[in-house]
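Student: Residue numbers (this note's numbering), protein chains in the order written: chain L, 45 to 232; chain A, 45 to 232.
Ideal Cβ positions, reconstructed from N, Cα and C, are used throughout, including at glycine.
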DNA sequence: AATAGACTAGACCGGTCTGTCTATTTCAGC
DNA sequence: GCTGAAATAGACAGACCGGTCTAGTCTATT
C-alpha cells in the first residue's frame with residue numbers, strides 16, 4: 045500500500061487461481077471466470093503463462109508455499125516433541141472447521157487432473173513429499189522411527205478425506221488420538 | 045452366453061461408465077466416448093437415464109455393489125477376528141497393485157464433482173458409510189470400541205490416497221501395521 | 001403380413017472451453 | 001510532452017460439451 049495498492053497482473057492471477065481452484069476445483073474453473081475474478085485481460089494471462097496448465101502448476105506451488113509457512117508456524121509455537129507431533133492434527137481440526145473447506149487442493153488436483161508425468165503431478169508429489177519429510181523430522185525428534193512418519197501420513201491424508209466427505213471436522217481429533225497411541229507404541 | 049452373448053444397452057452403459065469413470069475420471073469422460081465404448085446410440089442413453097449426472101449416480105451404485113461383494117468375500121475367507129480386521133489392508137495392497145489403479149472412484153468423484161447435495165454426493169456418502177459400518181462390526185468382533193473403527197477408516201482412506209499419489213502399493217502394509225498397534229492399544 | 005417398441009445412426013443445437021488476434025488505453029521514464 | 005512497453009477490452013477461432021431431434025432398422029408378438 046506504499047505507492048501502489050494494486051498488485052501486478054501475474055500476482056493477481058496466481059492469487060485468484062489459488063482461491064478459485066480451491067473453492068470450485070480446477071477443471072470447474074474456466075479461464076474467463078479466472079480473468080474476471082483477477083481483473084486481468086486474457087492476453088495478460090497468456091503473456092505471463094504458457095497455458096492454463098502452466099498457471100495450475102504455479103498455483104499449486106503458491107499453495108505449497110502458504111502451507112509450509114503455516115506448518116512451520118504451528119511447529120514453532122510448540123516445543124515439546126510430542127506436542128509438536130500431535131499439533132499437526134490440532135491444526136487440521138481448525139483447518140477442517142473453516143467455512144470454505146473443500147479438502148486438500150493437491151489431493152483434489154490428483155483426482156481431477158489426467159494421468160501422466162505432467163508438471164502438475166510433480167508439484168503434487170513434491171508437496172506431499174515435503175509434508176512427509178516434516179512428519180519424519182517430528183517423529184525422529186519424538187524418538188520414533190521413520191515407520192511412524194509413514195503411519196502419521198496415512199492418518200493425515202485420511203483425516204482430510206474423511207473431513208471432506210463427511211463434513212465433520214472432529215475426525216482430526218480421532219486422528220490425533222491414533223497418532224498418540226502409535227507414538228506410544230513406537231517409543232515403548 | 046446362454047441365449048444372448050450381448051448385454052442390453054443400459055447394462056453396457058453402466059459397465060462402460062464404471063470403467064471409464066474409474067480409468068479417466070468422470071468429468072474427463074465425455075458422452076460421445078462413453079457411447080462409443082458401450083456401443084450404444086445416444087438416444088438410448090437418454091432413454092434409460094435422465095442425464096449424465098443420472099448415469100454417474102448409477103455407475104457409483106454399481107461400483108459400490110462390486111466393492112461390497114469383494115469386501116464380504118475377503119471377510120468370509122478369514123475367521124479370526126484380528127485376521128479379518130487386518131485382512132482389509134491385505135486386500136488394499138492387492139488392489140493398489142493392480143495396473144489400472146487410479147485411486148478410489150468415490151473419493152475422486154467427491155473431488156471433481158461440484159459441491160451441494162446432489163444425488164452423486166449421497167451415493168458417495170452412502171458408500172463410505174457402509175465401509176465405516178463394516179469396520180465398526182469388525183472392530184466390535186475383535187473386542188474393540190467404535191473409536192477404533194473411526195481410526196481404521198482414517199488409515200483406510202489415507203492408504204488409498206497415499207497409494208495413488210506415490211504409486212507405491214506397500215503403503216497398505218504400513219496401514220496394516222498401524223491397525224494392529226491400534227487394536228492392541230484398544231483391547232489392552 | 002402387420003404392428004409396436006427398442007435400438008441405431010448421425011445431424012444438429014446452444015453453450016462453454018482454451019487459446020489467438022487486433023486495436024486501444026494507460027502510464028512510467030526520459 | 002513524447003515514446004514505448006505493458007496492460008486493457010473484446011471479437012474471434014476451433015474444439016468439445018451435454019442434450020435434442022429425425023429417420024430408419026431390427027425383432028418379437030400377434
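Could you say if the segment 95-111 of chain L and the segment 181-196 of chain L meet the contact criterion of at least three C-beta pairs nearer than 8 Å?
Tutor: No, the segment 95-111 of chain L is not in contact with the segment 181-196 of chain L.
Student: Can the beta-carbon of residue 203 of chain L be found closer than 9 Å to that of residue 218 of chain L?
Tutor: Reading the first chain from its first residue, position 159 is the one you call residue 203 of chain L. Reading the first chain from its first residue, position 174 is the one you call residue 218 of chain L. Taking 9 Å as the Cβ cut-off, residue 203 of chain L and residue 218 of chain L qualify as a contacting pair.
Student: If you measure from the beta carbon of residue 210 of chain L to each beta carbon in chain A, is any gap under 9 Å?
Tutor: Counting from 1 along the first chain, the entry for residue 210 of chain L is found at position 166. By this cut-off, residue 210 of chain L is an interface position.
Student: Under 9 Å, do residue 208 of chain A and residue 146 of chain A count as touching if we go by C-beta distance?
Tutor: Taking the second chain and counting its residues from 1, one reaches residue 208 of chain A at position 164. Taking the second chain and counting its residues from 1, one reaches residue 146 of chain A at position 102. Yes.
Student: Let me check understanding here. Comparing Cα to Cα, which of A:148, A:144, A:96, A:88 lies closest to residue 111 of chain A?
Tutor: Start at 1 with the first residue of the second chain, and residue 111 of chain A comes out as number 67. Of A:148, A:144, A:96, A:88, the residue nearest in Cα terms is A:148.
Student: Please identify, using Cβ separations under 7 Å, the residues of the segment 56-75 of chain A that lie next to chain L, in order along the chain.
Tutor: Listed by position along the chain: 69, 71, 72.
Student: Please check if any C-beta of chain A sits within less than 9 Å of the C-beta of residue 195 of chain L.
Tutor: Within the first chain, the letter at position 151 stands for residue 195 of chain L. By this cut-off, residue 195 of chain L is an interface position.
Student: Could you check what DSSP says for residue 70 of chain A in three-state terms: helix, strand or coil?
Tutor: Against the second chain, residue 70 of chain A aligns to sequence position 26. Residue 70 of chain A: coil per DSSP, three-state reduction.
Student: DSSP on residue 51 of chain L, reduced to helix/strand/coil?
Tutor: Residue 51 of chain L sits at position 7 when you count from the first residue of the first chain. In the structure shown, residue 51 of chain L sits in coil (DSSP, three-state: anything other than H, G, I, E or B).
Student: What would DSSP say about residue 93 of chain L, mapped onto helix, strand or coil?
Tutor: One-based indexing of the first chain puts residue 93 of chain L at position 49. Note: residue 93 of chain L maps to coil in three-state DSSP.
Student: Can you find a C-beta in chain A that's less than 9 Å from the C-beta of residue 87 of chain L?
Tutor: Position 43 of the first chain holds residue 87 of chain L. No, residue 87 of chain L does not count as interfacial toward chain A.
Student: Given the structure, does residue 106 of chain A come close to the ligand GDP, in the sense that its CB is under 8 Å from one of the ligand's heavy atoms?
Tutor: Absent from the structure shown: the ligand GDP. Ligands present: none.
Student: With DSSP as the reference, label residue 82 of chain A as helix, strand or coil.
Tutor: Taking the second chain and counting its residues from 1, one reaches residue 82 of chain A at position 38. It is helical.
Student: Here's the rule: buried if 16 or more other CB atoms are within 10 angstroms of the residue's CB, otherwise exposed. What is residue 45 of chain L?
Tutor: Indexing the first chain from 1 puts residue 45 of chain L at position 1. The predicted model places residue 45 of chain L with a pLDDT of 41, which falls under 50 and marks its position as unreliable; any figure quoted below should be read in that light. Exposed: under 16 other Cβ atoms inside 10 Å.
Student: Would you be able to state if there are at least three C-beta pairs under 8 Å between the segment 47-61 of chain L and the segment 76-83 of chain L?
Tutor: Counting Cβ pairs under 8 Å, three or more are found: they touch.
Student: Which stretch, first to last residue, makes up the alpha helix (DSSP H) that contains residue 123 of chain A?
Tutor: Counting from 1 along the second chain, the entry for residue 123 of chain A is found at position 79. Unbroken run through residue 123 of chain A: none, as it is neither H nor E.
Student: Please determine if the segment 174-182 of chain L and the segment 193-202 of chain L are in contact, where contact requires at least 3 C-beta pairs separated by less than 8 Å.
Tutor: Touching, per the Cβ criterion.
Student: Check the Cβ-Cβ distances between residue 100 of chain A and every residue of chain L, and say whether any is below 9 Å.
Tutor: Numbered from 1 along the second chain, position 56 holds the residue referred to as residue 100 of chain A. Judged by the 9 Å Cβ criterion, residue 100 of chain A is not in contact with chain L.
Student: So, residue 133 of chain A versus residue 72 of chain A, is the Cβ gap smaller than 9 Å?
Tutor: For this step, residue 133 of chain A is matched to residue 89 along the second chain. For this step, residue 72 of chain A is matched to residue 28 along the second chain. No, Cβ-Cβ distance for residue 133 of chain A and residue 72 of chain A is not below 9 Å.
Student: Give a yes or no on whether the C-beta atoms belonging to residue 155 of chain L and residue 69 of chain A are separated by under 9 Å.
Tutor: If you number the first chain from 1, residue 155 of chain L lands on position 111. If you number the second chain from 1, residue 69 of chain A lands on position 25. Yes, these two residues count as a Cβ contact at 9 Å.
Student: So is residue 205 of chain L buried or exposed if we call it buried at 16+ other beta carbons inside 10 Å?
Tutor: Within the first chain, residue 205 of chain L is the residue found at index 161, counting from 1. Buried, by the Cβ-count rule.
Student: Any C-beta of chain L sitting closer than 9 Å to the C-beta of residue 107 of chain A?
Tutor: Here the question's residue 107 of chain A lines up with position 63 in the second chain. Taking Cβ atoms only, chain L never reaches closer than 9 Å to residue 107 of chain A, which makes this a no.
Student: Would you list, in chain order, the members of the segment 157-170 of chain A that have their beta-carbon closer than 8 Å to a beta-carbon of chain L?
Tutor: So the close ones are 158, 159, 168, 169.
Student: What does residue 215 of chain A reach in chain L if we use C-beta pairs closer than 8 Å?
Tutor: Numbered from 1 along the second chain, position 171 holds the residue referred to as residue 215 of chain A. Per Cβ cutoff of 8 Å: 194, 198.
Student: Hey, does residue 118 of chain L have any beta-carbon neighbour from chain A nearer than 9 Å?
Tutor: Here residue 118 of chain L corresponds to residue number 74 of the first chain, with the count starting at 1. Closer than 9 Å: no.
Student: Which runs of the alpha helix (DSSP H), 4 residues or longer, sit entirely within the segment 192-220 of chain A?
Tutor: Those alpha helix (DSSP H) runs which fall completely within the segment 192-220 of chain A and span 4+ residues do not exist here.
Student: I'd like to know whether the C-beta of residue 221 of chain L is nearer than 9 Å to at least one C-beta of chain A.
Tutor: Residue mapping note: residue 221 of chain L aligns to position 177 of the first chain, counting from 1. With 9 Å as the cut-off, residue 221 of chain L counts as an interface residue toward chain A.
Student: Skipping 5 residues on each side, what residues in its chain have a beta carbon closer than 6 Å to that of residue 53 of chain A?
Tutor: Translated into the one-based positions of the second chain, residue 53 of chain A becomes position 9. Closer than 6 Å at Cβ, skipping near neighbours: 84, 88.
Student: If I follow the unbroken alpha helix (DSSP H) through residue 176 of chain A, where does it start and stop?
Tutor: For this step, residue 176 of chain A is matched to residue 132 along the second chain. Note, residue 176 of chain A: alpha helix (DSSP H), 163-185.
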